[in-house]
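K.L.:
Numbering (the numbering used here), first residue to last: 5 to 255.
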């Protein structure tokens with residue numbers, strides 16, 4: 005039981021469950037009538053035609069894509085925002101990689117055609133799972149994909165070794181497995197569109213060299229590396245945004 009673990013181990017375990025965050029509907033980004041729920045997954049869409057779907061990361065919501073949504077709106081480009089299972093306004097009690105991938109797949113199927121998927125962090129795993137299941141898109145942009153897996157990322161970020169060991173043992177005893185790194189190369193091997201990875205040399209948990217090594221396994225994949233941006237800043241930086249627009253042919 006977690007009562008038998010020290011505070012540091014409990015804090016690490018708490019990271020494996022999404023924290024409650026704002027479920028605000030986002031009318032300040034898209035028109036008030038933009039929401040169109042798909043089962044337990046909340047969606048926000050503006051404009052018709054081939055759309056760009058934005059998939060947020062762990063402990064986040066669709067609202068991280070504010071500057072992207074505003075740009076797409078002003079340029080009359082079809083934009084789709086969603087909250088992943090267990091996040092934001094989602095009604096789902098599930099929140100793992102399989103549930104997230106299934107949600108992205110279902111959105112892609114319901115809102116087809118999808119021109120582009122832009123994902124951040126855990127959203128990259130959800131996107132890769134959706135593509136593996138058969139979701140279709142011409143372009144995919146993966147920002148700070150968590151290539152190391154949770155445990156190794158925590159080690160590199162300096163987590164207390166004893167606390168991490170205790171947390172991992174608790175996960176194993178609870179049937180949660182080894183929290184192994186996600187196999188992006190296998191999940192993306194069948195994707196035939198254009199693929200862009202984005203990472204930062206300051207993102208310890210999702211290191212740029214590991215992202216580049218992954219991209220090298222996928223023919224035609226591009227990598228854009230930046231300096232001095234942390235994990236979440238990569239989603240908010242204007243220069244990264246401009247790079248993505250150029251990759252999509254919008255700049």
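Note that the Cβ used here is the ideal one computed from N, Cα and C, for glycine as well.
Note that this is a predicted model, so its numbers are computed, not measured.
Among 106, 153, 20, which has the Cα closest to the Cα of residue 1?
P.N.:
A question about residue 1 goes unanswered here, because the residues of the chain that appear run from 5 up to 255.
K.L.:
If you compare alpha carbons, which of 175, 84, 188 is closest to residue 214?
P.N.:
188
K.L.:
Hey, how far is the Cα of residue 202 from the Cα of residue 60?
P.N.:
14 angstroms
K.L.:
May I ask you to list the residues that DSSP assigns as paired with residue 65?
P.N.:
The partner list for residue 65 (beta bridge, DSSP) is empty, contrary to what the question assumes.
K.L.:
Would a C-beta distance cut-off of 7 angstroms place residue 80 and residue 51 closer than the cut-off?
P.N.:
yes
K.L.:
Which complete beta strand (DSSP E) runs does the region 163-246 hold, if anything under 3 residues is left out?
P.N.:
Complete beta strand (DSSP E) runs here, min 3: 198-204, 226-230.
K.L.:
Contact check, residue 99 vs residue 90 under 8 angstroms by CB: the rounded distance?
P.N.:
Rounded, the Cβ-Cβ distance is 3 angstroms, consistent with contact.
K.L.:
Would you kindly check if the distance between the Cβ of residue 252 and the Cβ of residue 244 is under 7 angstroms?
P.N.:
no
K.L.:
Per DSSP, what kind of secondary structure is residue 142 in: helix, strand or coil?
P.N.:
coil
K.L.:
How is the alpha helix (DSSP H) around residue 108 delimited, first residue to last?
P.N.:
101-114
K.L.:
For residue 229, tell me which candidate among 161, 200, 87 has the shortest Cα-Cα distance.
P.N.:
200
K.L.:
Shortest alpha-carbon distance to residue 143 belongs to which of 120, 186, 53, 227?
P.N.:
120
K.L.:
To the nearest whole angstrom, what separates the beta carbons of residue 84 and residue 109, a pair I think is in contact under 8 angstroms?
P.N.:
Rounded, the Cβ-Cβ distance is 14 angstroms, inconsistent with contact.
K.L.:
For residue 58, list the residues DSSP reports as bridge partners.
P.N.:
Its beta-bridge partners are 85, 122.
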